[in-house]
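Q: Numbering (the numbering used here), first residue to last: 7 to 497.
1) Between residue 447 and the rest of its own chain, which residues show a CB-CB distance below 7 Å, the 5 nearest in sequence each way excluded?
2) Run through DSSP, which three-state label would residue 295 get?
3) Which residue comes first and which comes last in the alpha helix (DSSP H) that contains residue 411?
4) What separation, rounded to the nearest whole angstrom, lies between the Cα atoms of residue 380 and residue 372?
5) From the DSSP output, read off the bridge partner residues of residue 46.
6) So is residue 219 buried or exposed if we call it buried at 16+ other beta carbons inside 10 Å?
7) Can you check the region 220-257 for any alpha helix (DSSP H) of at least 4 residues that lies completely inside it and give the ranges in chain order?
8) On the criterion of 16 or more Cβ atoms from any shown chain inside 10 Å, does residue 228 qualify as buried, or is it exposed?
9) Contact defined as beta carbons within less than 8 Å: I believe residue 319 pairs with residue 203. What is the distance between those atoms, to the nearest angstrom?
10) Whose CA, out of 93, 273, 70 and 197, lies closest to the CA of residue 250?
11) Quick check on residue 211: does DSSP put it in helix, strand or coil?
12) Could you spell out where the alpha helix (DSSP H) holding residue 200 opens and where it closes?
13) In angstroms, rounded to a whole number, what distance separates the CA positions of residue 442 and residue 237?
14) What is the C-beta distance between residue 280 and residue 77, in whole angstroms, given that I count them as a contact (C-beta under 8 Å)?
15) Between which two residues does the alpha helix (DSSP H) carrying residue 159 extend?
16) Below 8 Å, can you find three or more Cβ-Cβ pairs linking the region 449-469 to the region 405-424?
17) Please say whether residue 397 and residue 117 have beta carbons closer to each other than 9 Å?
18) What residue range does the alpha helix (DSSP H) around residue 14 cover?
19) Do residue 334 and residue 400 have their beta-carbon atoms positioned less than 9 Å apart in this structure?
20) For residue 472, count neighbouring Cβ atoms within 10 angstroms of its own Cβ and tell me buried if that reaches 16, exposed if not.
21) Comparing C-alpha positions only, which one of 210, 349, 364 and 323 sits nearest to residue 340?
22) Can you tell me where the alpha helix (DSSP H) with residue 148 in it begins and where it stops?
23) For residue 475, which three-state DSSP category applies?
24) Taking all protein chains shown into account, do 16 or more other C-beta atoms lie within 10 angstroms of the C-beta of residue 27, making it buried, or fewer, making it exposed?
25) Nearest CA to the CA of residue 507: which residue from 161, 73 and 256?
26) Here's a check: name, in chain order, each residue in its chain whose Cβ is nearer than 6 Å to the Cβ of residue 136, leaving out the five neighbours to either side.
27) Can you tell me whether residue 81 is buried or exposed, with buried defined as 16 or more other CB within 10 angstroms of its CB?
28) Consult DSSP for residue 103 and reduce its assignment to one of helix, strand or coil.
29) For residue 348, does the three-state DSSP call read helix, strand or coil?
30) Classify residue 114 as helix, strand or coil using the three-state DSSP reduction.
31) Whole angstroms are fine: how far does the CA of residue 113 sit from the CA of residue 481?
32) Assign residue 130 to buried or exposed, taking buried as 16 or more other Cβ atoms, counted over all protein chains shown, within 10 Å of its Cβ.
33) In chain order, what residues of the same chain lie with their CB nearer than 6 Å to the CB of residue 123, ignoring the 5 residues before and after it?
34) Residue range of the alpha helix (DSSP H) that residue 68 falls in?
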C-alpha cells in the first residue's frame with residue numbers, strides 16, 4: 007500500500023460521511039427517512055438495489071467460491087440475481103403499490119393484523135444477523151488496508167455506517183449506495199477482473215493449469231446449486247432489506263424495470279467474481295482459506311492507485327449491505343415490534359418529525375448492538391444460515407400465499423410461521439446448522455400448515471380483502487394504522 011492508495015481510501019470514507027450529512031438535509035418526513043420519499047427514478051433505484059444485494063459475501067465470498075470451485079462458484083450470486091429478477095418481474099409492482107414500510111405491515115393488511123408481531127420478530131432476527139455478518143467483514147478489509155486490530159476495524163467500519171445511516175436514513179443510504187455502486191463497478195468489473203485474467207495468463211493458460219471441473223458450470227454440485235436457489239433466491243423475494251428498497255421506487259415501472267436491470271447486473275457480477283477467483287487459483291494455488299483470495303490478489307497483483315480503488319470497491323460492497331440491513335433492522339424493531347408492544351402502529355403518510363427522531367434512535371441502538379455482536383462473534387456463517395433458514399422456512403409461504411392465494415387466512419399464516427420455524431430449528435439441532443434438510447423440510451412443513459389451516463378456518467373477512475385488493479390496485483386507501491385497526495375489528 008502506498009500513499010496514493012491510502013488517499014483513495016480516506017477520501018472515499020470521508021465522502022460517505024459527507025453524503026450522510028447531505029442526506030439529512032433532504033429528510034423532512036418518515037417517508038423520506040425510511041423509503042427516500044418513494045420517489046427514486048430508474049437510475050438511482052437500479053444502482054442502489056444492486057448495491058444492497060451485492061455485499062461482502064457476494065464480493066469476497068464470491069471470489070472465494072471461484073477460487074475453490076472455479077466458474078461454478080458463481081452460483082451463489084447467480085441465485086441472488088435470479089431472486090431479484092423474479093421479485094422485480096412478478097411482485098415488485100404490487101409490493102410498491104401497498105405504500106407500507108415493512109413486510110409485517112403487508113401481512114397485517116392481507117390477513118387482518120393477526121401475524122405482524124411474530125413475523126416482525128423473525129424478520130428482525132434475520133436483518134440483525136445480516137448486518138452483523140456485513141460488519142464483521144470490515145475486519146478483513148481494514149486489516150489489508152491499515153493492518154488494524156480486528157476489534158478496532160469492526161468498530162471503525164461499523165461506526166461510519168451507523169453515523170451516515172442515523173443522520174439521513176434512507177436518503178443518506180441511497181446517496182452513498184449510488185456512489186458505492188459506481189466504485190464497485192469500476193473496481194471489480196472494469197479493473198480487477200481484466201487485470202486478474204491477464205496476470206493468470208489468459209483463459210487458455212488458466213484452462214491448461216487447472217482441472218477440467220473448474221470450468222464446468224455444475225462443478226460445485228447440483229444439490230448445492232438447488233440449495234442456493236432455495237435459500238438466496240427465495241430470500242430475495244421476502245427480505246425486509248430488499249422490500250424496503252422496492253418501497254423507494256417512484257412508480258410501478260421503476261420498480262419493475264429498475265429491479266430487472268439490477269438483477270441482470272448481479273448475474274454479470276457473479277460471473278466476474280468466479281473468474282477472478284479462478285485466476286487467483288492459478289496465481290496462488292496454496293492459500294490457507296478460499297476467502298483469502300480476494301485480499302491476496304488485490305495486495306499482490308494490482309498497481310499503485312488501482313489497489314486503493316479496488317479496496318474501496320470492497321468497502322463499498324460491505325457498506326451497502328451493512329447500511330441496508332441496519333435500516334431494515336431498525337425499521338422492523340421500531341415499527342413492527344416496539345410500536346405493537348406499545349399498542350401503536352405507523353402511519354404511511356404525514357408522519358411527524360418526532361417519528362423521524364424515533365427512527366433515528368432505533369438505528370443508533372441497533373447499530374451499537376450490531377457492532378457489539380460483531381466484536382463478540384468470530385465465525386458467523388452458522389448464525390447467518392440460521393437467520394436465512396428461519397426467514398425462508400417461516401415467512402416465505404405466508405408472504406407468497408398472501409400475494410397469490412386469496413383463500414389464505416391469518417390463522418394459516420400464523421401456523422405456517424410457527425410450524426416452519428420450529429421444523430427448521432429442530433432439524434438444525436438434529437442434522438446440523440449447515441445441513442440442507444432443515445430448509446427443505448421446513449419449507450414443506452410450512453406449506454402444508456399454511457394450506458391445511460387456511461382451508462380449515464373461516465375465510466378472511468371480505469372487508470379486509472377489499473382493502474387489500476384496492477391497495478394492490480394502487481387506489482387511495484386509509485393509512486396503515488387505520489386499515490390495520492379496521493382489519494383487526496373485522497377479524
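Where is the CB? At the ideal position from N, CA and C, for every residue including glycine.
This one's a predicted model, so the numbers in the text were calculated from it and none came from an experiment.
A: For this structure:
1) Locating residue 447 in the chain shown gives position 441, counting from the first residue. Excluding positions up to five away in sequence, the list reads 429 and 433.
2) Counted from its first residue, the chain shown places residue 295 at position 289. DSSP places residue 295 in coil when its eight states are reduced to three.
3) For the purposes of this step, residue 411 is taken as residue 405 along the chain shown, with counting starting at 1. Residue 411 -> no alpha helix (DSSP H), and no H or E assigned at all.
4) Along the chain shown, read from residue 1 onward, the residue named residue 380 stands at position 374. Along the chain shown, read from residue 1 onward, the residue named residue 372 stands at position 366. The straight-line gap from Cα to Cα measures roughly 12 Å.
5) Against the chain shown, residue 46 aligns to sequence position 40. Paired residue(s): 255.
6) Your numbering for residue 219 matches position 213 in the chain shown. Exposed, since its Cβ has fewer than 16 Cβ neighbours within 10 Å.
7) 228-234, 240-244 and 246-252
8) The sequence position of residue 228 within the chain shown is 222, counting from 1. Residue 228 is exposed by the Cβ-count criterion.
9) Here the question's residue 319 lines up with position 313 in the chain shown. Here the question's residue 203 lines up with position 197 in the chain shown. Between residue 203 and residue 319 the Cβ distance is about 17 Å, and since that is not below 8 Å, they are no contact.
10) Within the chain shown, numbered from 1, the residue matching residue 250 stands at position 244. Closest by alpha carbon: 93.
11) Here the question's residue 211 lines up with position 205 in the chain shown. Three-state result, residue 211: helix.
12) As a position in the chain shown, residue 200 is number 194, starting the count at 1. 199-205 is the extent of the alpha helix (DSSP H) around residue 200.
13) Taking the chain shown and counting its residues from 1, the one referred to as residue 442 is at position 436. Taking the chain shown and counting its residues from 1, the one referred to as residue 237 is at position 231. Going from the Cα of residue 442 to the Cα of residue 237 covers about 10 Å.
14) Against the chain shown, residue 280 aligns to sequence position 274. Against the chain shown, residue 77 aligns to sequence position 71. About 5 Å; that satisfies the 8 Å criterion.
15) Looking up residue 159 in the chain shown gives position 153. Its alpha helix (DSSP H) spans residues 156-190.
16) yes
17) As a position in the chain shown, residue 117 is number 111, starting the count at 1. As a position in the chain shown, residue 397 is number 391, starting the count at 1. For residue 117 and residue 397, no; Cβs fall outside 9 Å.
18) Counted from its first residue, the chain shown places residue 14 at position 8. 9-31 is the extent of the alpha helix (DSSP H) around residue 14.
19) Sequence index remark: in the chain shown, residue 400 carries index 394 (1-based). Sequence index remark: in the chain shown, residue 334 carries index 328 (1-based). No, they are not a contact pair.
20) Here residue 472 refers to the residue found at position 466 when the chain shown is read from its first residue. Flag for residue 472 reads exposed.
21) Working through the chain shown from its first residue, we reach residue 340 at position 334. Measuring from the Cα of residue 340, the nearest candidate turns out to be 364.
22) Here residue 148 corresponds to residue number 142 of the chain shown, with the count starting at 1. Here the alpha helix (DSSP H) through residue 148 covers 122-152.
23) Numbered from 1 along the chain shown, position 469 holds the residue referred to as residue 475. Residue 475 falls in the helix class under three-state DSSP.
24) Locating residue 27 in the chain shown gives position 21, where the first residue counts as 1. Burial call: exposed.
25) This structure gives no information on residue 507, because the portion of the chain shown stretches from 7 to 497.
26) In the chain shown, the residue the question calls residue 136 occupies position 130. Same-chain partners within the cutoff: 331.
27) Counted from its first residue, the chain shown places residue 81 at position 75. Flag for residue 81 reads buried.
28) By one-based count along the chain shown, residue 103 stands at place 97. It is helical.
29) Sequence index remark: in the chain shown, residue 348 carries index 342 (1-based). Residue 348: coil per DSSP, three-state reduction.
30) Residue mapping note: residue 114 aligns to position 108 of the chain shown, counting from 1. DSSP places residue 114 in helix when its eight states are reduced to three.
31) To locate residue 481, count along the chain shown from 1; it is residue 475. To locate residue 113, count along the chain shown from 1; it is residue 107. Near 18 Å, if we compare the C-alpha coordinates of residue 113 and residue 481.
32) Numbered from its first residue, the chain shown carries residue 130 at position 124. By the neighbour-count rule (16 or more Cβ atoms within 10 Å), residue 130 is buried.
33) The count along the chain shown starts at 1 and reaches residue 123 at position 117. These residues qualify, in order along the chain: 346.
34) Taking the first residue of the chain shown as 1, we reach residue 68 at position 62. Segment 68-75, the alpha helix (DSSP H) holding residue 68.
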